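Colleague: Before we start, here is the structure in question, set down as structure tokens.
Numbering (our numbering), first residue to last: 70 to 285.
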């Protein structure tokens, strides 16, 4: 039995059409089902629904053989020992730095000011500012990131940006893009050795589905 870990929300919504194109169908809607382990049209494949942040952990420690996870979550986890065969090119957005409109971010960086940066993506933020030689004090938050600059808690935030409408609604501006983000297929290497043929077939089918979607 092959176990695929997914998280509810945008990634699940955009992964299901790829699975269907790869010949995998669901008997019930994962978004509305109360079950956490769901069978599929393939007798040897099941889905487990976990929190997005837990997907790499399930795959790394064998609770799942494969998983679909955003690059942001994968970087924060560290991705140690995980095989990453596919960029599924779904759940696309970007990791960016944002500030209040009146805050002169470029000048602060140029002057070598020490910035207070709020984020839940501390690894990504730390590496980004270290590469730029910018000194920062990171403030770990788990939600409502936009409040941090508005209340004076932070000078800037590092967060995921899609359309930018949430930033605009809160009088914040995107001042720097750190990296593009999309969802990746991750695989437990030990599981791949044990279930080599069926897992390879699934990975290849998903790869073909991604290619067909990109060409459409």
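C-beta atoms are modelled at their ideal positions from N, C-alpha and C, and glycine is treated no differently. Bear in mind that the values here come from a model prediction, so they are computed numbers and not experimental data.
Could you tell me which of 105, 103 and 269 sits nearest to residue 259, measuring between CA atoms?
Modeller: Taking the first residue of the chain shown as 1, we reach residue 259 at position 190. When only C-alpha atoms are compared, the closest one is 269.
Colleague: For the alpha helix (DSSP H) that contains residue 220, what are its first and last residues?
Modeller: To locate residue 220, count along the chain shown from 1; it is residue 151. Looking at the DSSP string, the run of the alpha helix (DSSP H) that includes residue 220 is 216 to 220.
Colleague: Give me, in chain order, the residues of the same chain whose beta-carbon lies closer than 6 Å to that of residue 73; leave out the 5 immediate sequence neighbours on both sides.
Modeller: Here residue 73 corresponds to residue number 4 of the chain shown, with the count starting at 1. The residues are 116 and 135.
Colleague: Excluding the 5 residues flanking residue 208 on each side, which residues of the same chain have their C-beta closer than 8 Å to its C-beta?
Modeller: For the purposes of this step, residue 208 is taken as the residue at position 139 of the chain shown. Contacts found: 185, 186, 187, 188, 217, 222 and 223.
Colleague: The beta strand (DSSP E) that contains residue 106, what's its start and end?
Modeller: One-based indexing of the chain shown puts residue 106 at position 37. Note, residue 106: beta strand (DSSP E), 106 to 108.
Colleague: If you run the structure through DSSP and keep just helix, strand and coil, what is residue 249?
Modeller: Working through the chain shown from its first residue, we reach residue 249 at position 180. Three-state DSSP puts residue 249 in a strand.
Colleague: What are the boundary residues of the alpha helix (DSSP H) that includes residue 268?
Modeller: In the chain shown, counting from the first residue as 1, residue 268 sits at position 199. Taken as a continuous stretch (DSSP letters only), the alpha helix (DSSP H) holding residue 268 covers 265 to 284.
Colleague: Helix, strand or coil: which one does DSSP assign to residue 262?
Modeller: Your numbering for residue 262 matches position 193 in the chain shown. Here residue 262 sits in helix by DSSP.
Colleague: Name the residue from 94, 219, 160 and 156 whose alpha carbon lies nearest to the alpha carbon of residue 110.
Modeller: Here residue 110 is taken as the residue at index 41 of the chain shown, counted from 1. Cα-wise, what sits closest to residue 110 is 94.
Colleague: Is residue 209 helix, strand or coil when you go by DSSP?
Modeller: Numbered from 1 along the chain shown, position 140 holds the residue referred to as residue 209. Assignment of residue 209 by DSSP, reduced to helix, strand and coil, places it in the strand class.
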